[in-house]
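Student:
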Amino acid sequence: MAFRIRTLLPEDPPDSFPDPAKAGVALGYPDGLLAIGGDLSPPRLLAAYRRGIFPWYNDDQPVLWWSPDPRAVILPSGFHMSRSTTRMIRRGGWQYSLNKAFHDVISGCARNRGRHGTWITPEMQAAYQEMHAFGYAHSVESWFNGALAGGIYGIRLGGVFFGESMFSLATGGSKIALSGLIAECLAEDIAMLDCQLPSDHLRTLGMVEMARDSFLAYLHENTRAARPRRDWRFEPKPAEPLISLRMQAG
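Rendered as structure tokens:
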């Protein structure tokens, strides 16, 4: 079967993506690449996420759009908080907040050079800042003794949170932020945290792999009531061990 990657133009309608559920639309290698080009306007980003597609590219490339198979996800009820993180929380001084410092979080993630380099380009930062202003992009921050210690940001559509990146300024900062996000997922009936691609680290946190077809069906069921949430925010409050979070949710 011959593969042909769809080329998008900025003037194309936002929903001009190929259907990732169709055989032969997304490449097997690199895993999930299905379109190139277009832009990062809010309508196009929303259309992409609703279809299980996300942008990921380096600053010397055009916009690349992906829908890998399988998909790495964390179901909040299956999140695993390590004993070391639990002990760290119980020693005190840790708090987490929601949408208190979105700019600092996305800037921190952009400076956090990983194995894929600096993929959070200035263009990406500006796009997600705009999505934040509209009420679709959100951040969870961790604080230690009042100082920013780490954070995670992503897109929320109804009952799904699409995690984009996280960073730490202090040991454990990203783990506390992630546990805070899980707490909010449990409280808000967010059914799934999309992690995009699997890793050994994510597996220690309870990540599972979901076939693309199942992931897309999950999106269809859990993003129907998606709406912007500009009101979804709060000031720092004490972090809690996972067992407490589950008891509160139950």
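Numbering follows the working numbering, with no gaps: position 42 of the sequence shown is 693. For glycine and all other residues, C-beta sits at the position ideal for the given N, C-alpha and C.
(1) Determine, using beta carbons only, whether residue 805 and residue 792 come nearer to each other than 8 Å.
(2) Judging by CA-CA distance, which residue of 715, 830 and 845 is the nearest neighbour of residue 888?
(3) Just mark residue 883 as buried or exposed, buried being the case when its beta carbon has 16 or more other beta carbons within 10 Å.
(4) Identify, in the order they occur along the chain, each residue of the same chain with its Cβ nearer than 8 Å to the Cβ of residue 794, setting aside the five sequence neighbours on each side.
(5) From this set, 712, 718 and 708, which residue's C-alpha is nearest residue 669's C-alpha?
(6) Measure the alpha-carbon distance for residue 844 versus residue 819 and round it to whole angstroms.
(7) Let's see if you can read the secondary structure: which residues bound the beta strand (DSSP E) around residue 811?
(8) Just to check my reading of the structure: residue 724 and residue 858 have Cβ atoms closer than 8 Å, yes? What is that Cβ distance to the nearest angstrom?
(9) For residue 898, which three-state DSSP category applies?
(10) Give me whichever residues DSSP pairs with residue 784 in a beta bridge.
(11) Nearest to residue 788 by CA position, among 796, 754, 762 and 759, is which residue?
(12) With DSSP run on the structure shown, which of helix, strand or coil describes residue 825?
Tutor: So, from the listed chains and residues:
(1) no
(2) 830
(3) exposed
(4) Excluding residues within five positions, the ones whose Cβ falls inside 8 Å are 745, 746, 747, 748, 800 and 887.
(5) 718
(6) 19 Å
(7) 811-819
(8) The C-beta distance from residue 724 to residue 858 rounds to 7 Å, short enough to meet the 8 Å contact threshold.
(9) Note that residue 898 has pLDDT 41, beneath the 50 cutoff, so the model's placement of it is unreliable and no number is given.
(10) Answer is none; residue 784 lacks a bridge partner.
(11) It is 754.
(12) helix
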